[in-house]
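This report refers to the structure that appears directly beneath it.
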Amino acid sequence: MWGDLVAWSMRRAAVGVALFAACAAASAVEVAAFNTYEHPPFVQETGRGFVAELLRYLNERLPAGQRLRQEDVPRERLMRRHLARPQDFDAVLLLLAPAFVDDPSRSQYLWTETLLFDQNGVVVRDDLGREPRRLDDLKGLRFGGVLGNRYAGIERLAEQGLIRRDDANGPVSSLRKLCAGRIDFTQLSRSVFDALAESSGCATRLRHLPLAESAVFERRIGVGRRNRALFEALQRLVAEMPCDPDWQAIVARYQLVAPRCARPAGR
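Given below as structure tokens:
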């Protein structure tokens with residue numbers, strides 16, 4: 141009899157804990173986290189990828205009541221539909237450099253510390269006949285971009301009529317156009333090139349060349365200024381991530397580059 145009563149009490153307690161957890165999850169405010177990278181390593185064909193793992197990592201550590209929901213959206217649509225009025229934006233931007241959304245001064249959105257390091261470079265075929273090392277070396281060539289993306293320096297050459305620009309819907313399409321000889325170069329970050337080169341159809345003939353003007357850039361998380369509480373929670377997490385073995389394992393799995401842990405060993 142006593143054993144049955146104990147078992148019944150334990151079952152009731154377990155049900156109560158489960159109901160509490162379900163209610164807490166239901167009451168959490170989900171905020172859209174916009175991802176504009178709809179390709180590896182950020183999004184895999186399986187629907188998983190680095191972005192999904194990043195959001196899982198963050199959601200497991202955010203305070204109760206705060207939760208991020210992944211929304212994949214092309215960069216052009218993000219700029220036109222969601223960022224047309226920065227003062228009204230209250231969601232989250234994933235893995236962008238501030239300049240990518242016209243905020244180089246970091247005054248329109250709240251930006252965390254650096255999440256990842258990356259570097260842009262021009263991608264050419266090995267039979268181009270020249271080896272671009274500076275912007276001026278691109279004059280007279282055909283450039284293949286991606287709709288909605290910003291290309292510092294290259295856009296100026298296109299506006300001046302010094303190069304021809306032909307945009308595609310995504311980087312894989314641009315790489316395939318390059319392999320087919322329809323364009324002379326495209327621009328990709330190192331992380332994206334490494335993940336997508338095999339999808340191009342001529343990977344062994346492609347070269348990724350950083351230009352002298354292509355500085356290493358920092359991928360961050362941006363938050364609308366109306367959502368400061370969420371920003372402060374994310375900022376605290378990002379500051380701790382370099383020293384977290386779980387985060388280090390995620391970064392290594394996708395062969396990305398993140399800030400190193402600055403904490404002395406053993407602390």
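In this text, residue positions in the sequence shown follow the working numbering: the first is 141, and each later residue adds one.
Ideal Cβ placement from N, Cα and C applies to all residues, glycine included.
Nothing here was measured: the structure is a model prediction, and the numbers come from that model.
- Gln206 and Val232 look like a contact to me (Cβ under 8 Å); what is the Cβ gap, rounded to whole Å? Taking 8 Å as the upper bound for CB-CB distance, Gln206 and Val232 are not in contact here, some 11 Å apart.
- Task: Compare the C-alpha of Phe325 against each of Cys383, Asp230, Arg265 and name the closest.
- Result: Of the listed residues, the one whose Cα sits closest to Phe325 is Arg265.
- Task: Assuming Pro382 and Ala392 form a contact by the criterion Cβ under 8 Å, report the distance between their Cβ atoms to the nearest whole angstrom.
- Result: With 8 Å as the limit, Pro382 and Ala392 do not qualify as a contact, their Cβ atoms being about 13 Å apart.
- From which residue to which residue does the beta strand (DSSP E) around Asn199 run? Boundaries for Asn199: no beta strand (DSSP E) harbours it, while the alpha helix (DSSP H) harbouring it runs 190 to 201, taken from the DSSP string.
- Task: Name the two residues that bound the continuous beta strand (DSSP E) containing Ser339.
- Result: No beta strand (DSSP E) holds Ser339; DSSP gives it neither H nor E.
- Message: I need the straight-line Cα distance from Arg322 to Arg220, nearest angstrom please.
- Response: Rounded to the nearest angstrom, the two C-alpha atoms are 28 Å apart.
- Check whether the stretch 351 to 370 touches the stretch 250 to 257, taking contact to mean three or more Cβ pairs, one atom from each stretch, closer than 8 Å. Remark: three or more beta-carbon pairs, one from each stretch, lie closer than 8 Å, so the stretch 351 to 370 and the stretch 250 to 257 are flagged as touching.
- Task: Would you kindly work out how many angstroms separate the C-alpha atoms of Glu380 and Arg201, rounded to a whole number?
- Result: Taking the straight line from one Cα to the other gives about 11 Å.
- Task: Determine the direct distance from the alpha carbon of Leu194 to that of Gln395, and round the result to whole angstroms.
- Result: Pairing Gln395 with Leu194, the inter-Cα distance amounts to about 14 Å.
- Close-in-space but distant-in-sequence residues of the same chain around Pro244 (CB under 7 Å, 5 per side omitted): So the qualifying residues of the chain are Pro238.
- Message: Whether or not the stretch 274 to 282 and the stretch 350 to 357 are in contact is what I'm after, with contact meaning three or more pairs of Cβ atoms, one per stretch, closer than 8 Å; do they touch?
- Response: Yes: at least three Cβ pairs fall under 8 Å.
- Message: Measuring straight from C-alpha to C-alpha, what distance separates Arg215 and Gln259?
- Response: Approximately 19 Å between the Cα atoms of the pair.
- What three-state label does DSSP hand Gly216 in the structure shown? The identity of residue 216 in the sequence shown is Glu, whereas the question assumes Gly. Helix.
- Task: Could you have a look at Ser329 and say whether DSSP puts it in helix, strand or coil?
- Result: Residue state, collapsed to three classes: strand.
- Task: Measure the alpha-carbon distance for Gly261 versus Ile294 and round it to whole angstroms.
- Result: A straight line joining the alpha-carbon of Gly261 with that of Ile294 spans about 11 Å.
- Do you know whose CA, among Ile390, Arg209, Gln248, Val213, lies nearest Arg225's CA? Cα-wise, what sits closest to Arg225 is Gln248.
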